[in-house]
Amino acid sequence: MSSTEHIVSHLHRDDIASRMGMWLFLFTELLLFGGMFILYSVYRYNNPDAFHLAAKELDTIIGTFNTAILLTSSLTMALSIAAIQRNNKSLSIFFQLMTVVLALGFMINKYFEWGVKFHYGIYPGSEKLLSKPTGEILFYGLYYVMTGLHGLHVLIGIGLILLMTYYTAKDIITYDNYMKLESAGLYWHLVDIIWIFLFPLFYLIT
Amino acid sequence: MMNENQHIEHKTHGYGIYVLVWIALMVLTGVTVAVAGINFGGITVATALLIASVKTYLVLTIFMHLRTETLVFKIFIGVALFFLIISFILLFTDYSFIVRN
Amino acid sequence: MNNNNTHISYLDYQGKHKGLLGWLTSTDHKRIGILYLISLTIFLIVGIIFGLLMRLELLTPGKTIMDAQTYNSIFTLHGVIMIFLFVVPGLPAVFGNFFLPILIGAKDVAFPKWNLTSWYLYVIGGLLAILAILLPGGPSDTGWTFYIPYSVRTTTNVMFALFAAFILGFSSILTGLNFVTTVHRMRAPGMTWFKMPLSVWSFYATAWMQVLATPIVGITLLLVAIERFFKVGLFDPALGGDPVLYQHLFWIYSHPAVYIMILPAMGVVSEIIPVFARRTIFGYNFIAMSSIAIAFFGSLVWAHHMFTAGMSDTSQFIFSLLTMIVAVPSAIKVFNWVATLYKGSIDLQVPLLYVLAFIFQFTIGGLTGVMQGVLSIDIHVHDTSFVVAHFHYVMFGGTGFGFFAALHYWFPKMFGRMYNIKLAMRTFWGIFIGFNILYFPMFIMGWLGMPRRYYDYLPEYQIYHVISTLGSWILVPSVFLMFGYLVYFALKGKKVTEKNYWGGETLEWQIETPPIHENFEEIPIIKEKPYEYKSNDLVTQFSEAK
Chain L
1 MSSTEHIVSH LHRDDIASRM GMWLFLFTEL LLFGGMFILY SVYRYNNPDA FHLAAKELDT
61 IIGTFNTAIL LTSSLTMALS IAAIQRNNKS LSIFFQLMTV VLALGFMINK YFEWGVKFHY
121 GIYPGSEKLL SKPTGEILFY GLYYVMTGLH GLHVLIGIGL ILLMTYYTAK DIITYDNYMK
181 LESAGLYWHL VDIIWIFLFP LFYLIT
Chain Y
1001 MMNENQHIEH KTHGYGIYVL VWIALMVLTG VTVAVAGINF GGITVATALL IASVKTYLVL
1061 TIFMHLRTET LVFKIFIGVA LFFLIISFIL LFTDYSFIVR N
Chain V
2001 MNNNNTHISY LDYQGKHKGL LGWLTSTDHK RIGILYLISL TIFLIVGIIF GLLMRLELLT
2061 PGKTIMDAQT YNSIFTLHGV IMIFLFVVPG LPAVFGNFFL PILIGAKDVA FPKWNLTSWY
2121 LYVIGGLLAI LAILLPGGPS DTGWTFYIPY SVRTTTNVMF ALFAAFILGF SSILTGLNFV
2181 TTVHRMRAPG MTWFKMPLSV WSFYATAWMQ VLATPIVGIT LLLVAIERFF KVGLFDPALG
2241 GDPVLYQHLF WIYSHPAVYI MILPAMGVVS EIIPVFARRT IFGYNFIAMS SIAIAFFGSL
2301 VWAHHMFTAG MSDTSQFIFS LLTMIVAVPS AIKVFNWVAT LYKGSIDLQV PLLYVLAFIF
2361 QFTIGGLTGV MQGVLSIDIH VHDTSFVVAH FHYVMFGGTG FGFFAALHYW FPKMFGRMYN
2421 IKLAMRTFWG IFIGFNILYF PMFIMGWLGM PRRYYDYLPE YQIYHVISTL GSWILVPSVF
2481 LMFGYLVYFA LKGKKVTEKN YWGGETLEWQ IETPPIHENF EEIPIIKEKP YEYKSNDLVT
2541 QFSEAK
């Protein structure tokens, strides 16, 4: 074990422990989605053609746009931490709010995407969906559950980042005490990583 | 007895590198979309996943500061990823070898 | 850091809140351990009662005291409560919480507030599980395994059980991530990894499994709930879903879960044996590494629960092979424990009695597990009472007895009082004899073909059922007696103030009895390995702090 591992037990605050705890939590999120990726991979392996066919209905342009939005939001999140490290409070708040705006943009796109599908009668349990081949039913089942759960995590992330914005404004998060923001950032980047994999697997398999 | 270093030591990256990584991520996204249009069959999936892995690597190391963390964190990620990947592999020993009548 | 409280124990410590509220809002790991102990015991007793009712029903073929539907719900509840509310949280939540920080020379865990949160989640999850009994539709009748497609189609209150399990999973995850971080970040100066007590190694390996494996069952159960509610069709065969895939996902957690259950108990055994054999543990490094190996290999064997489910032959061979391998590190532990006892200076106290029973029962359970890893045998015994006997031998005869051993070992330290040893010894024999009479016949009748989860059976099995039920009538009163006297003596037993009641060599025996709020007046500096018994003189681990 390197010497940096050794704790000073009297420390009330241990930033490394905070990050460690957050990373361990991220692993649980990784495995939560991992379970669904396992589901996806098995069903795709068994129904390659149906998956190709079903994916045609998805709008690649919106998907790509959303990917770009989320990647940019990751950038703004990272920049907000760089800013607070340099004691630039207002810049940090700006970047945090930008992240939220981008995330909301993502959700709005999602809302329209799903809205179109619902309008065409393609949603879990719908007659139209149930009349399709089983492979396609599985595709859409996975699509809604996975992007839905991901969207839920985006919403939670928005709430989390807004809370961080409040903390930053109130000087609870400062240039030498910003682990909360770092943790929120780690969470946000994971949400981005999950989408990095969701995007090609659902939108780009035609 | 407070170790001052604990607080400020973890200054990570400058603004610039984040922007560079972001550009790389955007480019890679574009590549993924372009490649998807060309049908290489099975290789298309592998390529898409490979590019996604590269993007993930960039996000992990730069955005999530793994590059500046101690070895322990990197071992942690290794353990978690190992568990996920081995689960995939072992599970597929069922599905790829199954003989259906 | 100086403490000017003159030995106010954690039991009497007054923080921001007083009395009961002080306990319910405390982030002191010791108090949280006690809170867990109380709630765990209550749920255990409920689970035992369900087990008793099951055994009563099985006394005669056909209906004895309940109909088939009720029986299905009872065994489901028995499983859900015992597994999710007792054995999985079990040792880590009670003894890990209470002693892990002390064993490594720390004042608390890394995230004390998340620790308290984990207890509240536990209680909420437990109440949800029980609540289903009161609602129309009755509690879930799917078995604790919630296999598709029945779990989607049954009209009983599966949702409650699913959400209970999900919340309990969260509780487990929080405990796990707390312990991993604590062990990495909060060891006292001088305590390198290979100077840690062996129970810490066990808690650490267990914690990793809690963090990594639990989310998978979380998503799996969530998907079943989604399927029930939205008819998404991800597991429904009619819509292209694969029920075997559900089983894969379920067991990817639930197999590591059994190692989550047994590993901490093994850690406790490794703590107790050196003390009562007055010898350094044999093969410390191997025992430590075997904990990691069990966690590692235990994550790779899940499909041995599915040999008859319709998997490919290739994967059956692979999982059978891996199952053989995972037995090895467990066996290493057993060999090392026995080697420690051999020619040791044995002091046959109550904790050692439970530990010896553990070794005996875990060996039987473990060997019958290896038997089932053999494909040809498993085809024969899968879904019979043989399996039921196997897992009760390891989970109850193993972890359960480990839990009882820990209770009797750490009792004086936790409560500053002592139980009546004679009474404890006699009760032990009741528990040991009752346990084996209850479960051993299940091996035999399972081998002869008695299916599990059946409430009706052919007359030729009745003799075994009768013996088994008689065993439950010896076991259960003894267990209740045990809890009864433990509660009594915790409150009214003879006071104990000596720091080192048993002559142990780990840090908890160097501090006050009961411990003060902050555990240590000064953080110790560690120089020795644990269990270093040298000619009966205790080697103190404390040195003067600077």
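Chains as they are written, first to last, in the working numbering: chain L, 1 to 206; chain Y, 1001 to 1101; chain V, 2001 to 2546.
For glycine and all other residues, C-beta sits at the position ideal for the given N, C-alpha and C.
Quick caveat: nothing in here was measured; it's all calculated off a predicted structure.
Coil, strand or helix - residue i by DSSP
| i | result |
| --- | --- |
| I172 of chain L | coil |
| R2417 of chain V | strand |
| K2494 of chain V | strand |
| S2009 of chain V | strand |
| P2139 of chain V | strand |
| I2516 of chain V | strand |
| T1029 of chain Y | helix |
| P2061 of chain V | coil |
| P2149 of chain V | coil |
| P2451 of chain V | strand |
| L2538 of chain V | Low per-residue confidence applies at L2538 of chain V: pLDDT is 46, beneath 50, and the placement is therefore not dependable enough to give any value. |
| N177 of chain L | strand |
| T2506 of chain V | coil |
| T2027 of chain V | coil |
| T2384 of chain V | strand |
| A54 of chain L | helix |
Proximity to residue i [Cα-Cα], best of the options
| i | options | result |
| --- | --- | --- |
| I2083 of chain V | V:Y2010, V:L2121, V:I2262, V:D2108 | V:I2262 |
| H12 of chain L | V:M2159, V:W2302, V:R2185 | V:R2185 |
| S2299 of chain V | Y:L1058, Y:L1090, Y:I1098 | Y:L1090 |
| A2068 of chain V | V:F2480, V:Y2457, V:T2506, V:K2527 | V:Y2457 |
| G34 of chain L | L:S80, L:N88, L:L142 | L:L142 |
| V2158 of chain V | V:T2076, V:P2524, V:S2171 | V:T2076 |
| E136 of chain L | L:M146, L:P48, L:L24, L:H119 | L:P48 |
| V2087 of chain V | V:A2265, V:T2025, V:L2221, V:G2019 | V:A2265 |
| Y2533 of chain V | V:D2012, V:L2168, V:G2105, V:A2277 | V:A2277 |
| I2292 of chain V | Y:S1087, Y:V1079, Y:F1088 | Y:V1079 |
Closer than 7 Å to chain V by CB, residue i
| i | result |
| --- | --- |
| F1082 of chain Y | no |
| K132 of chain L | no |
| L11 of chain L | Per-residue confidence for L11 of chain L stands at a pLDDT of 48, beneath the threshold of 50, marking its modelled position as unreliable; no derived number is given. |
| I137 of chain L | yes |
| W195 of chain L | no |
| I1098 of chain Y | yes |
| L1060 of chain Y | no |
| L1091 of chain Y | yes |
Residue-chain proximity (residue i, chain Y), Cβ-Cβ < 7 Å
| i | result |
| --- | --- |
| M2196 of chain V | no |
| L186 of chain L | yes |
| T2182 of chain V | no |
| L2037 of chain V | no |
| H2305 of chain V | no |
| T2314 of chain V | yes |
| H2465 of chain V | no |
| Y143 of chain L | no |
| L2212 of chain V | yes |
Closer than 7 Å to chain L by CB, residue i
| i | result |
| --- | --- |
| Y1095 of chain Y | yes |
| K1055 of chain Y | yes |
| V1031 of chain Y | no |
| F2286 of chain V | no |
| R2153 of chain V | no |
| V1027 of chain Y | no |
| A1036 of chain Y | yes |
| G2233 of chain V | yes |
| F2250 of chain V | no |
| V2381 of chain V | no |
Residues that residue i bridges to, as DSSP identifies them
| i | result |
| --- | --- |
| N2157 of chain V | V:P2139 |
| P2264 of chain V | Bridge partners of P2264 of chain V: none, in fact. |
is_contact[residue i, chain B] using C-beta, thresh 7 Å
| i | result |
| --- | --- |
| A2309 of chain V | In the displayed structure, chain B is absent; the protein chains listed are L, Y and V. |
Residue i beta carbon near the ligand HEM (any heavy atom closer than 6 Å)
| i | result |
| --- | --- |
| A2161 of chain V | Absence of the ligand HEM is noted for the structure shown, with no ligands found whatsoever. |
Quick one: complete beta strand (DSSP E) runs, 3+ long, within the segment 137-168 of chain L?
none
What are the start and end residues of each continuous beta strand (DSSP E) run of 3 or more residues lying completely inside the segment 2279-2349 of chain V, in chain order?
none
4-residue-minimum alpha helix (DSSP H) runs that sit fully inside the segment 2058-2098 of chain V, ordered along the chain:
2068-2080
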